[in-house]
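Numbers 139 to 539, taken from my numbering, label the letters of the sequence shown in order.
The beta carbon of each residue, even a glycine, is placed where N, CA and C say it ideally should be.
Just below is one structure, and these are the notes that go with it.
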Amino acid sequence: MSVHLHWFLPTGGDGRTLVDRHAYTDGGIRRDRITPVSGVRAPDIEYLAQIAKAAEQLGFEAVLTPTGTWCEDAWLTTVALTQVTERLKFLVAFRPGVISPVLAAQMAATYQRISRGRLLLNVVTGGDSTEQKRFGDHLGHDRRYARTDEFLQIVRGVWGGRPFDFQGEHYQVEGGLTALPPDPLPQIFFGGSSAAAGPVAARNVDVYLTWGEPPEEVKQKIDWIRGLAEKEERTVRFGIRLHTISRDSSKEAWATAGRLLDDLDPETVAAAQQALGKSESVGQQRMLALHGGSRDKLEISPNLWAGVGLVRGGAGTALVGSHAEVADRIEEYHSLGIEHFVLSGYPHLEEAYWFGEGVRPELAARGLLDAGPAPLDGVPAANGRPASAPGGAPLLIAGGR
139 MSVHLHWFLP TGGDGRTLVD RHAYTDGGIR RDRITPVSGV RAPDIEYLAQ
189 IAKAAEQLGF EAVLTPTGTW CEDAWLTTVA LTQVTERLKF LVAFRPGVIS
239 PVLAAQMAAT YQRISRGRLL LNVVTGGDST EQKRFGDHLG HDRRYARTDE
289 FLQIVRGVWG GRPFDFQGEH YQVEGGLTAL PPDPLPQIFF GGSSAAAGPV
339 AARNVDVYLT WGEPPEEVKQ KIDWIRGLAE KEERTVRFGI RLHTISRDSS
389 KEAWATAGRL LDDLDPETVA AAQQALGKSE SVGQQRMLAL HGGSRDKLEI
439 SPNLWAGVGL VRGGAGTALV GSHAEVADRI EEYHSLGIEH FVLSGYPHLE
489 EAYWFGEGVR PELAARGLLD AGPAPLDGVP AANGRPASAP GGAPLLIAGG
539 R
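Here it is, written out as structure tokens:
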């Protein structure tokens with residue numbers, strides 16, 4: 139079982155401060171309570187192409203593209219980027235509640251032909267009713283997962299290349315068909331920590347994703363989903379979503395993490411916690427419980443830092459340390475059964491180089507990477523450091539996960 143490394147495409151913007159300029163506009167949170175953001179990089183296609191090309195050059199297999207109000211559309215953005223990359227795959231996030239399952243199956247088939255087989259799908263059921271209603275979806279939390287279950291059954295049925303009928307609570311399909319099924323079939327990634335989410339993963343998905351909790355808690359999730367999948371006579375693989383702060387030394391990495399905290403004033407953290415606390419997502423509540431809104435004891439497990447989650451929704455933890463230490467933690471998660479590591483760091487361009495040139499060789503030396511394509515040739519960094527990688531802090535984007 140090899141490690142699969144993926145990066146993140148910040149389609150809501152990028153920057154150097156640990157302040158999310160979008161996440162707290164819902165629920166009556168006033169924007170003037172948030173620290174002004176400087177150094178913002180707009181998510182224009184030229185900048186996103188730089189990140190995609192860097193990820194490909196550094197040997198990442200795919201990039202995750204988020205979905206939500208504050209992001210560019212993931213389908214349109216990534217299909218454009220297939221034209222400026224050669225082998226990089228795109229893990230496209232989308233919400234079942236806002237698109238027909240038969241249309242989604244058809245879009246995936248078209249995407250595979252345009253990209254020559256480089257599509258992966260990340261199904262986001264949604265844990266925020268305010269966000270869901272913005273897109274016209276008024277179902278409650280558990281019913282959204284029930285709908286996702288039906289949605290994925292239809293997508294897989296339609297991909298069979300023959301007329302497919304389905305009668306359910308949320309969808310009724312007669313003769314659903316993808317005339318030219320995708321080849322290969324896209325792998326389906328999915329996350330959810332609630333009791334309603336587990337059976338959906340067990341019945342339908344290829345890769346179950348968890349956010350970056352301590353290893354013992356990740357193991358519990360793996361055992362849970364694996365047990366449910368066995369009852370369905372299926373096998374599910376596992377992935378984890380983490381940020382990274384990897385440097386030539388542990389001291390440098392933790393100094394960078396410290397600078398992120400220095401940028402946060404109490405009012406910004408309070409506004410973030412107030413907004414994020416309203417989430418219906420069980421996974422989000424688990425992220426919040428890791429730090430409790432406090433700056434104290436943010437290293438919740440060796441090299442696992444919960445500081446990002448003080449102000450960012452979704453993935454709220456980062457692997458922090460020297461390149462060897464970060465590789466140690468990846469190896470530890472891998473030993474539990476994690477194959478796919480969906481990573482990010484801020485700014486995304488520079489942090490891709492820190493990880494790709496620092497941690498990836500460590501993983502390769504340990505035999506954790508397969509014998510697939512090596513990173514594309516490029517100019518080596520001076521003294522082992524990415525020339526473009528300063529010690530700045532991230533700008534966090536609400537739509538990203």
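Using alpha carbons as the reference points, say which of the options lies closest to residue i.
i: Arg-433; options: Val-464, Ala-395, Pro-239, Gly-459; result: Ala-395
i: Arg-424; options: Gly-330, Phe-376, Glu-224; result: Gly-330
i: Thr-215; options: Pro-181, Glu-489, Gln-195, Arg-282; result: Pro-181
i: Ala-393; options: Gly-314, Ala-334, Gly-445; result: Gly-445
i: Cys-209; options: Ile-183, Gln-221, Glu-199, Phe-198; result: Ile-183
i: Pro-320; options: Ala-247, Ala-187, Ile-189, Pro-404; result: Ala-247
i: Ser-253; options: Asp-386, Tyr-185, Val-217; result: Val-217
i: Ser-332; options: Leu-186, Gln-422, Ala-192; result: Gln-422
i: His-308; options: Phe-328, Leu-277, Glu-405; result: Leu-277
Please list, in chain order, all residues of the same chain as residue i whose beta carbon is under 7 Å from its beta carbon, the five residues on each side excluded.
i: Glu-124; result: The chain is shown from 139 up to 539; residue 124 falls before or after that span and cannot be answered.
i: Thr-205; result: Ala-212, Ala-231, Phe-232, Arg-233, Val-262, Gly-537
i: Val-141; result: Ile-468, His-472, Glu-477, Phe-479, Leu-501, Leu-506, Leu-507
i: Pro-353; result: Ser-439, Glu-470, Tyr-471, Leu-474
i: Ile-360; result: Phe-376, Leu-474, Gly-475
i: Ala-192; result: Leu-487, Ala-490, Tyr-491
i: Met-139; result: Glu-477
i: Leu-318; result: Ala-247
i: Ala-187; result: Leu-219, Val-222
i: Met-245; result: Trp-213
For residue i, which residues from the same chain have a beta carbon less than 6 Å from its beta carbon, with the 5 sequence-adjacent residues on both sides left out?
i: Gly-459; result: Ser-388, Ala-391, Asn-441
Note down the Cα distance separating residue i from residue j, rounded to an integer number of angstroms.
i: Pro-524; j: Leu-147; result: Residue placement at Pro-524 is poorly supported in this model, since its pLDDT is 45, which falls under 50; the coordinates are not used for a value here.
i: Gly-430; j: Thr-207; result: 27 Å
i: Thr-149; j: Lys-435; result: 31 Å
i: Gly-350; j: Pro-301; result: 41 Å
i: Leu-347; j: Leu-259; result: 12 Å
i: Tyr-283; j: Arg-294; result: 17 Å
i: Thr-173; j: Leu-156; result: Low local confidence applies: a pLDDT of 46 at Thr-173 is under 50, so the model's placement there is unreliable, with the coordinate-based value given in what follows. In a straight line, the C-alpha of Thr-173 is about 10 Å away from that of Leu-156.
i: Asp-287; j: Val-338; result: 5 Å
i: Ala-242; j: Thr-316; result: 10 Å
i: Leu-457; j: Val-311; result: 45 Å
i: Val-296; j: Ser-238; result: 12 Å
i: Gln-221; j: Ala-335; result: 35 Å
i: Gly-270; j: Leu-290; result: Reading off the sequence, residue 270 comes out as Gln, not Gly. Rounded to whole angstroms, Gln-270 to Leu-290 spans 19 Å at the Cα level.
i: Thr-203; j: Gln-250; result: 16 Å
i: Leu-257; j: Asp-280; result: 28 Å
i: Asp-386; j: Glu-488; result: 14 Å
i: Gly-299; j: Gly-306; result: 21 Å
i: Asp-344; j: Ala-367; result: 11 Å
i: Val-356; j: Gly-264; result: 21 Å
i: Glu-437; j: Leu-481; result: 18 Å
i: Arg-397; j: Val-420; result: 30 Å
i: Thr-373; j: Gly-365; result: 10 Å
i: Ala-453; j: Ala-503; result: 28 Å
i: Leu-399; j: Pro-324; result: 39 Å
i: Glu-199; j: Gln-358; result: 27 Å
Return the Cβ separation of residue i and residue j in integer angstroms, given the expectation that the two are a contact with Cβ distance under 8 Å.
i: His-144; j: Leu-229; result: 6 Å
i: Asn-342; j: Ile-363; result: Their Cβ separation, rounded to whole angstroms, is 12 Å, which puts Asn-342 and Ile-363 out of contact at 8 Å.
i: Val-201; j: Ser-384; result: Contact flag wrong, Cβ pair sits at about 18 Å.
i: Gly-377; j: Pro-322; result: Contact flag wrong, Cβ pair sits at about 18 Å.
i: Thr-268; j: Leu-380; result: Contact flag wrong, Cβ pair sits at about 26 Å.
i: Gly-197; j: Gly-483; result: Not confirmed; about 16 Å, so no contact.
i: Ile-292; j: Val-240; result: 7 Å
i: Asp-275; j: Ser-417; result: Their Cβ separation, rounded to whole angstroms, is 15 Å, which puts Asp-275 and Ser-417 out of contact at 8 Å.
i: Leu-428; j: Gly-415; result: Going by Cβ atoms, the distance from Leu-428 to Gly-415 rounds to 14 Å, so no, they are not a contact pair.
Going along the chain, which residues of its own chain have a beta-carbon closer than 8 Å to the beta-carbon of residue i, five neighbours each way excluded?
i: Arg-194; result: The sequence as given places Glu at residue 194; Arg does not occur at that position. Taken in chain order, the residues that qualify are Thr-223, Glu-224, Arg-225, Leu-226, Leu-514.
i: Asp-303; result: Val-311, Glu-312, Gly-313, Gly-314
i: Ala-340; result: Ile-363, Leu-366, Ala-367, Lys-369, Glu-370, Arg-372, Val-374
Just to confirm, does residue i get its C-beta within under 7 Å of one of the non-hydrogen atoms of the ligand MG?
i: Pro-485; result: Of the ligands one can find in the structure shown there are none, so the ligand MG has no counterpart to examine.
Three or more beta-carbon pairs under 8 Å between the region 444-454 and the region 405-412, yes or no? Taking 8 Å as the limit for Cβ pairs, the verdict is that the region 405-412 does touch the region 444-454.
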